[in-house]
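First comes the structure, then the notes that go with it.
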Amino acid sequence: MTDRIVSVLRAIVFIGIGLALCGVIFEIAGYSAPLMFRSIADGAFLRNGALAHALRWGLPLFITAVGVAISFRAGYFNIGAQGQFYIGAIAAAFVAEWLNGWPALIVIPACFVAGMTGGALWALWPGLLRLKSGADEVITTLMGNFLASLVLVYVTSGPLKDPSGSGQQASSRPLDAAYRISTSYGLSPTIIVIAVLVGVLMWLLVNRTAFGVLAGLAGRNPTMVEWQGARIWRIGLASFLISGALAGLAGTIELMGPNGRLAGGFLPGHGFTAILIALVAGLSVTGTAFVALFFGGLASAALFLPVMAGLPAAAI
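For the sequence shown, the positions run 73 to 388 when the working numbering is used.
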């Protein structure tokens, strides 16, 4: 526990140093660093409604980051959260399209099941390659990200295409309002409840189950775990599936909540930001919640910096 706290504090210090360097760079470029930091604080947490916007961005990141932490704790570096996020959203979009006109009480749960299943299956094949043939999961999951992005472009410009869109900016047809779990504002009690349930369940899984203990040990000393009679491949496979399912869940939330449709540029940095959050949090479920909220605040502030601090959008 002490080592984990030290790791988190070290990461916070590095983030602070990074922000300070950004301030120096912007001062040299002719912008006001104090105004920039004040705008970040206001846009992230201090202005009216800022916390809700931070939660809007932070909760889906938290869900994906917790899944990343599960696989990393077990010693498997699943870098494919972005692809699993995409495939989960795509699977949910197809189910919503196929069941269009059905009652929301059927369609919404079906979309969540499809999204989590899609994300888990997209994590399954790199997991099997790693466990059965020793293929490097970093390479295979990165490949999965690129493949998923191509699938997203195909789907939004083909089977689910909205006639008003075209090319790389094509998007899917908007979801029926009855199937949305939040408005374009982004936050709703449903999303909060889902994130809390995920956090509680993953904390219990990590800290109160044999799987959680063995996964943590396997990440540090797999030989010792094998000596105790546990099957490493089962732990690895479960960690890949959980990680992919949670990324797919986050993709489904974004589809059925704030976005309401798929698009060719559907949150392209979500997965890698989630990986960063998990690492900064020291792979702790509790720490991930706080770090995700912090990054959600930064994402919220980034939308206001061009207006509040006069920074060019390309620099944010």
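We put the CB at the ideal spot given by N, CA and C, even for glycine.
Less than 8 angstroms separating the beta-carbons of A250 and A176?
Cβ distance < 8 angstroms, so A250 and A176 count as in contact.
According to DSSP, is A335 part of a helix, a strand, or is it coil?
Residue state for A335 is assigned as strand, using DSSP reduced to three classes.
Just the Cα atoms here: how many angstroms apart are G155 and R119?
Rounded to whole angstroms, G155 to R119 spans 34 angstroms at the Cα level.
If I follow the unbroken alpha helix (DSSP H) through K204, where does it start and stop?
176-205 is the span of the alpha helix (DSSP H), which, as asked, contains K204.
For the 8 angstroms Cβ check, are there 3 or more pairs between the region 312-323 and the region 195-212?
With the cut-off at 8 angstroms, the region 312-323 and the region 195-212 touch.
Quick one: what's got a C-beta closer than 6 angstroms to A364's C-beta in the same chain, skipping five residues either side?
If the five residues before and after A364 are omitted, its C-beta is found closer than 6 angstroms to the C-beta atoms of G130, L133, F134, A137, I349, all from its own chain and listed in chain order.
Tell me whether S111 sits in a helix, a strand or coil according to DSSP, three-state version.
Here S111 carries a helix assignment [DSSP, helix/strand/coil].
Put A221 into one of helix, strand or coil per three-state DSSP.
Inspection of the sequence shows that residue 221 is occupied by Ser rather than by Ala. Annotated three-state conformation of S221 is helix, per DSSP.
Would you tell me roughly how many angstroms separate the C-alpha atoms of A290 and G258, rounded to the nearest one?
Approximately 38 angstroms between the Cα atoms of the pair.
Using the beta-carbon count (16 or more within 10 Å), is P330 buried or exposed?
Flag for P330 reads buried.
Tell me the rounded alpha-carbon separation between S205 and L224.
CA-CA distance, S205 to L224, rounds to 28 angstroms.
Could you pull the DSSP bridge partners for S244 from this structure?
In the DSSP output, where bridge partners are listed per residue, S244 has K233.
Is the region 107-114 in contact with the region 350-362, if contact means three or more CB pairs nearer than 8 angstroms?
The answer is no - the region 350-362 does not touch the region 107-114, with fewer than three Cβ pairs under 8 angstroms.
Using the C-alpha atoms, what's the distance from A165 back to G230?
A direct Cα-to-Cα measurement between G230 and A165 gives close to 13 angstroms.
Does the separation of the CB atoms of I307 and A335 fall below 8 angstroms?
Using a Cβ distance threshold of 8 angstroms, I307 and A335 do not count as a contacting pair.
DSSP three-state assignment for F149, whether helix, strand or coil:
If DSSP states are grouped into helix, strand and coil, F149 belongs with coil.
Own chain partners of M188 with C-beta closer than 8 angstroms, once the 5 adjacent residues on each side are dropped
For M188, the CB contacts under 8 angstroms within the same chain, skipping 5 residues up- and downstream, are G160, A317, L318, G320, L321, T324 in chain order.
For chain B, find out if any of its Cβ atoms is closer than 8 angstroms to the Cβ of G336; answer yes or no.
No chain B appears in this structure, which consists of one protein chain only.
Is I142 near M274, with beta carbons less than 8 angstroms apart?
With contacts defined as CB atoms closer than 8 angstroms, I142 and M274 qualify as a contacting pair.
Using the C-alpha atoms, what's the distance from A361 back to F149?
The alpha-carbon atoms of F149 and A361 are separated by roughly 20 angstroms.
Report the rounded CA-to-CA distance for I84 versus L277, giving the unit in angstroms.
So the two alpha carbons sit approximately 26 angstroms from each other.
Thinking C-alpha only, which one of L201, S260, V227, V268 is nearest M215?
Per the Cα distances, L201.
Can you give me the C-alpha to C-alpha distance between V210 and A126, rounded to a whole angstrom?
Looking at the two C-alpha atoms, the distance is approximately 30 angstroms.
Have a look at R128, R333, G147 and flag the residue whose alpha-carbon is nearest the alpha-carbon of P294.
Minimum Cα distance to P294 is reached at G147.
Distance, Cα to Cα, G121 vs R292?
One alpha carbon belongs to G121, the other to R292, and they sit about 42 angstroms apart.
Indicate the three-state DSSP secondary structure (helix, strand or coil) for N279 in the structure shown.
DSSP, read as helix, strand or coil, puts N279 in helix.
Decide if N172 is buried, meaning its Cβ has at least 16 other Cβ atoms within 10 Å, or exposed.
Exposed, by the Cβ-count rule.
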